[in-house]
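In the working numbering, the protein residues as written are 535 to 731.
The beta-carbon is built from N, C-alpha and C at its ideal position, and this holds for glycine as well.
Source: prediction; values computed, not measured.
Structure first, then comments.
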């Protein structure tokens with residue numbers, strides 16, 4: 535992984551709700567979002583043929599961004615998920631995907647070893663492309679997503695917070711303020727797999 539930057543582990547505490555297309559449009563209008571406020575990212579998900587990561591409630595992805603890529607393993611934590619991420623160049627990431635061989639060094643590789651998941655058995659299980667607007671509001675980091683995948687097209691709201699208890703109350707208050715019902719959202723990898731079946 536020549537030139538890779540190893541990022542420290544980060545605890546991710548986020549609350550999500552599915553949106554209708556109309557609610558999604560309302561938020562775009564409310565925050566006066568323009569096309570340039572959105573970024574496009576593609577998540578490519580990996581697991582073993584027998585689903586060892588899914589069985590451990592973990593998720594592994596390469597996220598392709600405009601100018602770089604992130605190789606991330608999400609593992610369960612007491613509150614939220616622990617994200618271990620290695621930053622790659624976009625070229626490195628595309629090479630790993632094309633060769634069907636994931637990085638064999640770095641923080642994510644070490645974490646896979648700790649989980650006893652054989653990295654040589656990991657293969658692509660699907661991908662999702664997301665058009666995302668992400669910005670800070672008083673309650674935390676807000677993300678408004680429109681996602682596309684194989685037989686999948688949905689809209690989602692995420693609020694990333696630093697405190698689980700206060701964050702949940704703030705998220706529910708945000709939904710109420712916009713008159714949106716709470717619709718539990720599975721994570722993107724689960725939604726992608728459900729759409730394929």
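Endpoints, the beta strand (DSSP E) within which residue i is located
{"i": "residue 716", "result": "It is not in any beta strand (DSSP E) - residue 716 carries neither H nor E in the DSSP assignment."}
{"i": "residue 574", "result": "572-581"}
{"i": "residue 604", "result": "603-610"}
{"i": "residue 615", "result": "615-622"}
Extent of the continuous alpha helix (DSSP H) run through residue i
{"i": "residue 550", "result": "Counting along the chain, residue 550 falls outside any alpha helix (DSSP H), though it belongs to the beta strand (DSSP E) covering 544-553."}
{"i": "residue 648", "result": "641-648"}
{"i": "residue 725", "result": "722-730"}
{"i": "residue 587", "result": "586-589"}
CB contact flag (residue i, residue j, <8 Å)
{"i": "residue 746", "j": "residue 725", "result": "The question about residue 746 has no answer, for the chain in this structure spans 535 to 731."}
{"i": "residue 623", "j": "residue 638", "result": "no"}
{"i": "residue 675", "j": "residue 684", "result": "no"}
{"i": "residue 596", "j": "residue 695", "result": "no"}
{"i": "residue 691", "j": "residue 551", "result": "yes"}
{"i": "residue 642", "j": "residue 607", "result": "yes"}
{"i": "residue 722", "j": "residue 662", "result": "yes"}
{"i": "residue 705", "j": "residue 553", "result": "no"}
{"i": "residue 579", "j": "residue 567", "result": "no"}
{"i": "residue 712", "j": "residue 560", "result": "yes"}
{"i": "residue 572", "j": "residue 665", "result": "yes"}
Exposure label - residue i; buried when at least 16 CB within 10 Å
{"i": "residue 549", "result": "buried"}
{"i": "residue 537", "result": "In this prediction, residue 537 scores a pLDDT of 49, lower than 50, which makes its location untrustworthy; no coordinate-derived value is stated."}
{"i": "residue 672", "result": "exposed"}
{"i": "residue 650", "result": "exposed"}
{"i": "residue 632", "result": "exposed"}
Length of the line joining the Cα atoms of residue i and residue j
{"i": "residue 588", "j": "residue 634", "result": "19 Å"}
{"i": "residue 707", "j": "residue 717", "result": "14 Å"}
{"i": "residue 730", "j": "residue 555", "result": "21 Å"}
{"i": "residue 648", "j": "residue 564", "result": "45 Å"}
{"i": "residue 609", "j": "residue 658", "result": "18 Å"}
{"i": "residue 629", "j": "residue 603", "result": "11 Å"}
{"i": "residue 626", "j": "residue 562", "result": "34 Å"}
{"i": "residue 660", "j": "residue 598", "result": "14 Å"}
{"i": "residue 605", "j": "residue 620", "result": "5 Å"}
Beta-ladder partner(s) of residue i, from DSSP
{"i": "residue 667", "result": "572 and 678"}
{"i": "residue 625", "result": "Paired residue(s): none; residue 625 is not in a bridge."}
{"i": "residue 697", "result": "Beta-bridge pairing links residue 697 to no other residue."}
{"i": "residue 689", "result": "553 and 680"}
{"i": "residue 660", "result": "579"}
{"i": "residue 597", "result": "577 and 604"}
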